[in-house]
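What follows is a set of notes on a single structure, which appears directly below.
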Amino acid sequence: MKLLKKETFHLQFNNQHRAPWPYHRRKTYLCYQLRLQGSPCDQDYFQNKKGHHAEIRFIKKIRSLDLDQSQNYEVTCYLTWSPCPDCAQELVALTRSHPHVRLRLFTSRLYFHWFWSFQEGLRLLWRSGVQIRVMSLREFTHCWVKFVNHGGCPFEPELWDGLEHRSQSIQNRLNRILGLPPVTATCATSCPHPCCSAVLSLQDLTANFRNLQL
């Protein structure tokens with residue numbers, strides 16, 4: 004399996020609003036992990052290529068797998084930027100055509116979040132039952148372990164000064180867009196806060212209906 008270079012991960016996934024010096028253009032990277040009954044069965048990553056967003060390349064990959072409709076899958080994506088409106092619609096279309104696939108999205112940063120159309124794209128994902136959250140230290144560490152050619156070196160969050168504070172700030176910005184209450188410092192990683200439990204409850208309810216196989 005191909006892995007990200009350490010330098011690429013630090014540049015592209017860093018949740019600072021501006022890229023750290025030396026400045027380079029930050030692209031959309033999407034790392035995904037597909038699970039069947041809790042066990043990983045496929046993982047990879049994509050980046051934007053001319054005319055093809057990383058999300059669209061991911062969607063094509065999932066469709067190409069021809070997943071067994073009698074099984075329930077969970078796919079978790081870790082993105083450097085949240086989806087644009089068009090990609091949000093395509094991701095929703097994927098979940099509707101693949102009701103046996105549960106989709107979760109974690110993003111490092113929000114893409115053009117001040118534009119109404121981009122906010123609407125995020126709300127569409129939320130209303131459609133797609134869990135969308137901001138990456139915390141836990142998710143960054145997981146990506147480092149699973150998707151980076153780290154050579155045995157641990158993830159060092161201190162290299163990203165203020166990582167957890169920014170994660171909480173970006174999560175609260177996302178919550179305002181989705182009409183959810185703010186989170187506290189402890190919620191930024193994991194807790195039964197209303198904004199978190201609401202996501203989980205919706206996802207669990209959707210999964211339960213799928214399991215009925217009506």
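Per the numbering used here, the very first residue in the sequence shown carries number 4; after that it's consecutive. Where a beta carbon is used, it is the ideal one built from N, C-alpha and C, also for glycine. Quantities reported herein were computed from a predicted structural model and do not represent experimental measurements.
On the premise that N18 lies in contact with W163, defined as a C-beta separation below 8 angstroms, what is that separation, rounded to the nearest angstrom? Your numbering for residue 163 matches position 160 in the sequence shown. Your numbering for residue 18 matches position 15 in the sequence shown. At roughly 7 angstroms, the Cβ-Cβ gap stays under 8 angstroms, so W163 and N18 are in contact.
Between W84 and L166, what straight-line distance do the alpha-carbon atoms span, to the nearest angstrom? Taking the sequence shown and counting its residues from 1, the one referred to as residue 84 is at position 81. Taking the sequence shown and counting its residues from 1, the one referred to as residue 166 is at position 163. Whole-angstrom Cα-Cα distance: 16 angstroms.
Report the option in C146, P157, S131 and P88 whose CA atom is closest to the CA atom of E123. Counted from its first residue, the sequence shown places residue 123 at position 120. Checking every option, the nearest Cα to that of E123 belongs to P88.
In angstroms, rounded to a whole number, what distance separates the CA positions of V151 and R99? In the sequence shown, counting from the first residue as 1, residue 151 sits at position 148. In the sequence shown, counting from the first residue as 1, residue 99 sits at position 96. Going by the C-alpha atoms only, they are around 31 angstroms apart.
Apply the 10 Å Cβ neighbour rule to A191 and answer buried if 16 or more other Cβ atoms are within range, or exposed otherwise. Position 188 of the sequence shown, counting from 1, holds the residue named residue 191. A caution first: A191 carries a pLDDT of 47, below 50, which makes its placement in the model unreliable, though a value can still be read off. Buried: at least 16 other Cβ atoms inside 10 Å.
Environment of C194 [buried if 16+ CB atoms lie within 10 Å]: Here residue 194 is taken as the residue at index 191 of the sequence shown, counted from 1. At C194, the pLDDT of 45 sits below 50, so the modelled position is not reliable; the number obtained from the coordinates is stated separately. Its Cβ having fewer than 16 others within 10 Å, C194 is exposed.
Any 3 or more C-beta pairs closer than 8 angstroms across the segment 151-160 and the segment 175-182: no
In terms of alpha-carbon separation, which member of V186, I135 and T11 lies closest to Y81? Taking the sequence shown and counting its residues from 1, one reaches residue 81 at position 78. The option with the nearest alpha carbon to Y81 is I135.
Based on the DSSP secondary-structure assignment, which residues constitute the bridge partners of T79? Translated into the one-based positions of the sequence shown, residue 79 becomes position 76. Note: T79 sits in a beta bridge opposite Q36 and R107.
Alpha carbon to alpha carbon, how far is H196 from V186? Start at 1 with the first residue of the sequence shown, and residue 196 comes out as number 193. Start at 1 with the first residue of the sequence shown, and residue 186 comes out as number 183. The predicted position of H196 is uncertain, since its pLDDT is 40 and thus under 50; a value taken from the coordinates is nonetheless stated next. Roughly 7 angstroms between the two C-alpha positions.
State buried or exposed for A96, treating a residue as buried only when at least 16 other CB atoms are found within 10 Å of its CB. Position 93 of the sequence shown holds residue 96. That one is exposed.
Counterpart residues of R136 in DSSP-defined beta bridges: For this step, residue 136 is matched to residue 133 along the sequence shown. Paired residue(s): F109.
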